[in-house]
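Peer 1: Chains as they are written, first to last, in the working numbering: chain A, 1 to 424; chain B, 425 to 578; chain C, 579 to 1488.
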Ligand SMILES: Cc1cc2nc3c(=O)[nH]c(=O)nc-3n(C[C@H](O)[C@H](O)[C@H](O)COP(=O)(O)O)c2cc1C
Ligand code: SF4
Ligand code: FES
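(1) Between which residues of its own chain and residue 488 (chain B) is the CB-CB distance below 8 Å, once the five residues before and five after are set aside?
(2) Cβ closer than 7 Å: which chain A residues qualify as neighbours of residue 672 (chain C)?
(3) Kindly indicate if chain B contains any beta-carbon less than 9 Å away from that of residue 226 (chain A).
(4) Compare the C-beta of residue 483 (chain B) with all C-beta atoms of chain C and state if any pair is closer than 9 Å.
(5) Of the residues A:313, A:334, A:134 and A:223, which one's Cα is nearest the Cα of residue 165 (chain A)?
(6) Leaving out five residues before and five after residue 1014 (chain C) in sequence, what residues of the same chain have Cβ atoms less than 8 Å from its Cβ?
(7) Quick check on residue 301 (chain A): buried or exposed, where buried means 16 or more other Cβ atoms within 10 Å of its Cβ?
(8) Is there at least one Cβ from chain A nearer than 9 Å to residue 488 (chain B)'s Cβ?
(9) Use the C-beta contact count for residue 1230 (chain C): other C-beta atoms within 10 angstroms, 16 or more gives buried, fewer gives exposed.
(10) If you pair each beta-carbon of the segment 1135–1151 of chain C with each one of the segment 1100–1114 of chain C, do three or more pairs fall below 8 Å?
(11) Tell me, to the nearest whole angstrom, how far the beta carbon of residue 124 (chain A) is from that of residue 84 (chain A); I am working on the premise that it is less than 8 Å.
(12) Return the residue from the list C:1441, C:596 and C:1288 that minimises the CA-CA distance to residue 998 (chain C).
(13) Below 8 Å between beta carbons is the criterion; list the residues of the segment 725–752 of chain C that meet it against any residue of chain B, in chain order.
(14) Are there 16 or more other CB atoms within 10 angstroms of the CB of residue 1487 (chain C), so buried, or fewer, so exposed?
(15) Determine the direct distance from the alpha carbon of residue 1392 (chain C) to that of residue 1480 (chain C), and round the result to whole angstroms.
(16) Closest Cβ-Cβ distance between residue 476 (chain B) and chain C: below 9 Å?
(17) So is residue 443 (chain B) in contact with chain C if we call contact Cβ pairs under 9 Å?
(18) Give the DSSP-derived three-state secondary structure of residue 1149 (chain C) in the structure shown.
(19) Output yes if chain C places a C-beta closer than 9 Å to the C-beta of residue 467 (chain B); else output no.
(20) Looking at the secondary structure, which residues open and close the beta strand (DSSP E) in which residue 724 (chain C) lies?
(21) Alpha carbon to alpha carbon, how far is residue 1247 (chain C) from residue 1221 (chain C)?
(22) Using only the alpha-carbon positions, how far apart do residue 1078 (chain C) and residue 401 (chain A) sit?
(23) Measuring CA to CA, which of C:582, C:666 and C:672 is closest to residue 647 (chain C)?
(24) Using a C-beta to C-beta distance shorter than 7 Å, which residues of chain B count as neighbours of residue 168 (chain A)?
(25) Using the rule of at least 16 other Cβ atoms within 10 Å of the residue's Cβ for burial, across every protein chain shown, is residue 148 (chain A) buried or exposed?
(26) In terms of residue numbering, what span does the beta strand (DSSP E) encompassing residue 1211 (chain C) cover?
(27) Measuring alpha carbon to alpha carbon, tell me which of C:845, C:784 and C:1039 ends up nearest residue 812 (chain C).
(28) Comparing alpha-carbon positions, which option in C:1357, C:756, C:1036 and C:1332 lies nearest residue 1090 (chain C)?
(29) Which of the three DSSP states is assigned to residue 1479 (chain C) in this structure?
(30) What does the alpha-carbon distance come out to for the pair residue 433 (chain B) and residue 454 (chain B)?
(31) Closer than 5 Å between the C-beta and any heavy atom of ligand 1: which residues qualify, listed along the chain?
(32) Does ligand 2 have a heavy atom nearer than 8 Å to the CB of residue 345 (chain A)?
(33) Would you mind working out which of A:17, A:385 and A:291 sits nearest residue 320 (chain A), comparing C-alpha positions?
(34) Mapping DSSP to helix, strand and coil, what is residue 879 (chain C)?
(35) Going along chain B, which residues have a C-beta under 8 Å from residue 761 (chain C)?
(36) Roughly how many whole angstroms lie between the Cα atoms of residue 110 (chain A) and residue 163 (chain A)?
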């Protein structure tokens, strides 16, 4: 089984420096792209590879790239951003990629920048990723020194500036348009999606945003071709994916596996199954803002469409496991408190509804639930749904709640009826 | 209010910024690196230095959780309170720290050694429960480990 | 036009709108908060949700925000759908979770958009059982009260204050459900338009602090349409009254003039009306003539009229001095009383000269005189000599919008509709259209200027002439201009020529006819290039232009006539001569006159020296007409019924004419007859009779009541005086009545006394008065432009170019400086405004201050035309060397026409 993304990563060890990275074939893809491929060639490759965005929404990467306006008559500069904010609870894959092999990300960025013709790039990293930031900073320095960043890269005439932007907290900054506001020094509230960022993004200029993991795939697609990439996968989406598992399993962690690996395999083979004495009760398959899947879904392959069909979202592909000794109400309360705290405060349903949701859940958890509370929660699930709020944060927040009410309703009822948490 | 060193750091940090606004966070981060937090006076000084109003700077500063507008201790302990850490019992860890230091979230020990703050998911879910002190991540925690870790900070 | 389907019925709507304004235009009620017709849509509050369907077969549909969705051809929506109704009720429920529900003690209660929308949305029952969040409030200065607990986070305040008005000392702070709108810490809001927060805020967070001092609910206020008297722009206002005192000013929407917004001088300047400065009884000097104030004693109206009759008939000559702050009708009545040959326009010589020049230019030149709405559409602006924000504040707000015009190209290229405000601003960034400001010192619009030039008036004029020449070589060039300035002229000319709607702004505040002429040259040169060019002049007072149109001689002529001829009676109408001429001269003139009669509403310095003072009404007690700087003639209606002896200036003059048995008194016996007479004498005033419905106008046989349908306590209001409810005062001069009986529906636009319709109790009800959202009022906006385009005249450019400014040894060029608070006579008397009026000062360039050995605050003895005064120095970096700036209205040297050459005298320890 090939593990292109993590082949050169040793957890707990130091990452490859530029020379070491080159020794294992690093920057070959970049050199090849800039010297021998046209942007159109690369775009076609990426399209053919069926790579879909690893940031959560799963948008086809090639399609996104091709929505950048054509270079002629385009306002300049054009920007490229790597979204390295990774604050979705349960997600930690981008940290592993950045700490483990920073040059891989930089190489992906250069190729992408060349393809979509952007001259300035940002890596937008959350401030708690201190180690990753340090390593990226060092790697950027090395790349500049070697001439892989800056002017006339590989003698191709292509110029690319890359900057590391360290954020100051706030989950919402990971949302692409809020992120742009954050870089600009505005309050990081999201922007309306018309026009798209590729038309009017950072400082009103054409801007492309991709997730770290998405970008890390690019050099490998260039090196090995789209067919190879597609064949890495067990489904029609291309490539491997870094899957993660957290919660009460024997070996929590992350593994690079083919797209379409089943939940059961990830959970039982790689994460070692549940801790002794505990049973699997459910999982948020793609991070905090995805719907619970339960036992009946264990054989669902982890790919965008299958997970969707099962009633959840692929999200970041990092799952959080709920066991049979942990209170689902408490878990959902924890999640909603997180979302309430991270709401940007721009739109009404999210700003006011999430704290209310959290308070109702807290009341239920504390044995102070009242008849009618479930109806209030259901009202929120409707009122904070897609289209009702300004961005996807609140609808995402409602996903675990909605599915918890669906699968664990008896727990909620028991709390309210017994006026206590049966688990405590 | 701002030392020359800070000013030159800000200056250098913002050289790549196309607008003065876009330097706000970086400037505040620099001030914070030197002084731990951003006082009213320094906020004003940053605003002046960037040619912005205090309202413009503070409107941004108060949006983020990592810009401190109140004094903090020498070391900041972030306790991840998000879902994986919750499942793995971060509340025990927190409880322990709170008892050990005699402070709760948002507070600073009387000797100014530690400030205790909650943090959204540290992205270390596989190592849950996890905390971070001054940018250093500590995972797979239990009470004993906490003792050893806290002891390492003066 | 596009066809949209609302709950399955087809409707025609204007292209390019969003669904919210389209539906509101059609008369549908959709609740909203964050959208504002002038500030457009950002999609924050989520209140305006509707359901949109893909096509007629789509039964499920999806919820969208109507403010963020284009009303494109074929769009199908439902406003009534159950899901969307539930959602809207839910949004209100959310907004009310933390709201204090303190409506009974909230200043906004009864005219609260949040109340209205709560009722409209159908949210009734509270389910939230947890604690409410609370906030601390700030002291934001004398104008605005702050009560953050009532906030619903619609972001309108910050969008108005920062994005629309350019204020920077206000912002939004915090995150999630702890969002705070205000300043960093307590302190006065500095923006000149802060008062609009009162109307922009849909609930009671920002309320009118001056109203609190004499609080009255909207429904208990008697209101009437009026015109702001505090500058030449003539913004339309609504005055609210109770118990004979004025309670507040609200904006009165006029699509062409002020739109939705006023400046703080206009909104808070009203308080002088209630103050001690007023004259409320006729006064007469009992003893022999001396300048002792104490001898002015009250006298009955009947007696004073007898007294005046005697005085007038024994006087061989009666001279009348009018006023640019009095109505056309009052001025014209004075003119009728004394005869045209004895009527003088109450303006100083230079002031009248400038006003007449402006009229001449606007009447005969090819450039049009733009309304404020027109100004907002202009895409390149040149300002010559004006600090607009301090002189004609509301114009500055419009200019702030005009610099957004050119960059709209960017939004258009990206196909972003104009109403998508955040997206437009995002695309446009800090890009601004060309705005050039040539001025003697820094101005408050410099922050949005492409380029500014600091220069004394003559040099401003010179550059203006050269710009005109660069546009059209037929205009006289300035031959001895420096290379730098010539280049500047070239670049300004180029930017103006590139514009599709260029605008030139100038006015009287430089005190320079050459500046005015230069502005005309530039505008005309642009016209010759086929550009529709606006030419906008500011004038000093609310009726400067009206009086100028009437014409006559100036104050100096008047004085000369008095001093050289035989002494007679001088009647001064609402005019403080000390603001227009030098004190020594005035004193001599007043001495010379046998009798001096002052008709005024405040006891000005002139009034204190009169023999007879007749108490006239302020703008709130006066029905009459004014002509604004655009040339628009507008009608104001009194809101306070005549009380005691106070009556309109026009009425005093009428009474005097009656008392002396003038046979032609009928000709001015009513406003309408004055209007007709004026039209006969000055054809330009023909539209005067059309600017508002005639006094006998009735809607369904009824008058338009000043009191609203819910006016309370009417029968008991005066019970402490008499238990019999008095008959409401008559108002034969207008179709408005001082009662609550009458037609409570939407009146003709000039008579709109309040914005209030069923279900819409707040000022947002203006939507229902507009022919379409953000369009003209139903039936057309009030006011008529008197100055039109006289085409066909042969264009002759001005060619008298002044010499460049040369500093003089031992002499200083003294120019005037304006302050929004302090420079205008009446508003400065209002307590809230007076808190913002600076201490008197004299402005000096830092180098000059240095060379004179003066620090900020130290006194300097300045002498102009032999009159000297010691004033504290204020160092103003933007002043040019050799120039001294004197603040209008503050220095005590008002009578001296500026610019003038002055001397700095040795200070005798003072
Ligand atoms: C509230 C919120 C937070 C998000 N945070 C992240 C993040 O931390 N990292 C990330 O890559 N994408 C994040 N996203 C998704 C991005 O908006 C965007 O879809 C993604 O980065 C696009 O990259 P991709 O096409 O490569 O997946 C977030 C979205 C939302 C709504
Ligand atoms: S849903 Fe609304 S309040 Fe929540 S994060 Fe998005 S824009 Fe902000
Ligand atoms: S009015 Fe449409 S979202 Fe606020």
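Each residue gets a CB set at the ideal place from its N, CA and C atoms; glycine is no exception.
Peer 2: According to the structure data:
(1) Cβ within range, chain order: 449.
(2) Result: 348, 349, 352 and 353.
(3) No, because no Cβ of chain B sits closer than 9 Å to the Cβ of residue 226 (chain A).
(4) Among the residues facing chain C, residue 483 (chain B) is included, as its CB has a counterpart in that chain under 9 Å away.
(5) The shortest Cα separation from residue 165 (chain A) among A:313, A:334, A:134 and A:223 belongs to A:134.
(6) Within the same chain, Cβ atoms closer than 8 Å to the Cβ of residue 1014 (chain C) are found at 959, 960, 961, 1027, 1028, 1029, 1030, 1031, 1070 and 1073, the five residues on either side in sequence being excluded.
(7) Around the Cβ of residue 301 (chain A), a 10 Å sphere holds 16 or more other Cβ atoms; the residue is buried.
(8) So, interface residue.
(9) Residue 1230 (chain C) comes out buried.
(10) A contact between stretches requires three or more CB pairs, one per stretch, nearer than 8 Å, and the segment 1135–1151 of chain C fails this requirement with the segment 1100–1114 of chain C.
(11) Contact holds; Cβ gap of about 6 Å.
(12) Selected option, being the one with the closest Cα: C:596.
(13) Residues passing the 8 Å Cβ filter: 746, 747, 748, 749, 750, 751 and 752.
(14) In this prediction, residue 1487 (chain C) has a pLDDT of 47, which is less than 50 and means its spatial position is unreliable; nothing more can be read from the coordinates.
(15) Cα to Cα, the separation comes out at about 6 Å.
(16) Taking 9 Å as the threshold, the shortest C-beta distance from residue 476 (chain B) to chain C falls below it.
(17) Yes, residue 443 (chain B) lies at the interface with chain C (some Cβ there is under 9 Å from its Cβ).
(18) DSSP places residue 1149 (chain C) in strand when its eight states are reduced to three.
(19) Interface residue, yes.
(20) Looking at the DSSP string, the run of the beta strand (DSSP E) that includes residue 724 (chain C) is 722–724.
(21) Using only the alpha carbons, I get a separation of about 20 Å.
(22) Each residue's CA atom was taken as its position, placing residue 1078 (chain C) and residue 401 (chain A) some 56 Å apart.
(23) Out of C:582, C:666 and C:672, C:582 has the C-alpha closest to the C-alpha of residue 647 (chain C).
(24) Within chain B, the C-beta atoms nearer than 7 Å to that of residue 168 (chain A) come from 449, 453, 488, 490 and 491, in chain order.
(25) Buried.
(26) For residue 1211 (chain C), the enclosing beta strand (DSSP E) covers residues 1210–1214.
(27) Of the listed residues, the one whose Cα sits closest to residue 812 (chain C) is C:845.
(28) Of C:1357, C:756, C:1036 and C:1332, the residue nearest in Cα terms is C:1036.
(29) If DSSP states are grouped into helix, strand and coil, residue 1479 (chain C) belongs with the strands.
(30) Roughly 7 Å between the two C-alpha positions.
(31) For ligand 1, the selected residues are A:53, A:55, A:56, A:57, A:59, A:83, A:85, A:86, A:174, A:175, A:176, A:210, A:211, A:214, A:392 and A:393.
(32) True, at least one ligand heavy atom lies under 8 Å from that Cβ.
(33) Comparing Cα-Cα distances from residue 320 (chain A) to each of A:17, A:385 and A:291, the minimum goes to A:291.
(34) Reduced to three states, the DSSP call for residue 879 (chain C) is helix.
(35) Neighbours of residue 761 (chain C) on chain B, chain order: 479.
(36) Across the structure, residue 110 (chain A) and residue 163 (chain A) are spaced so that their CA atoms are roughly 12 Å apart.
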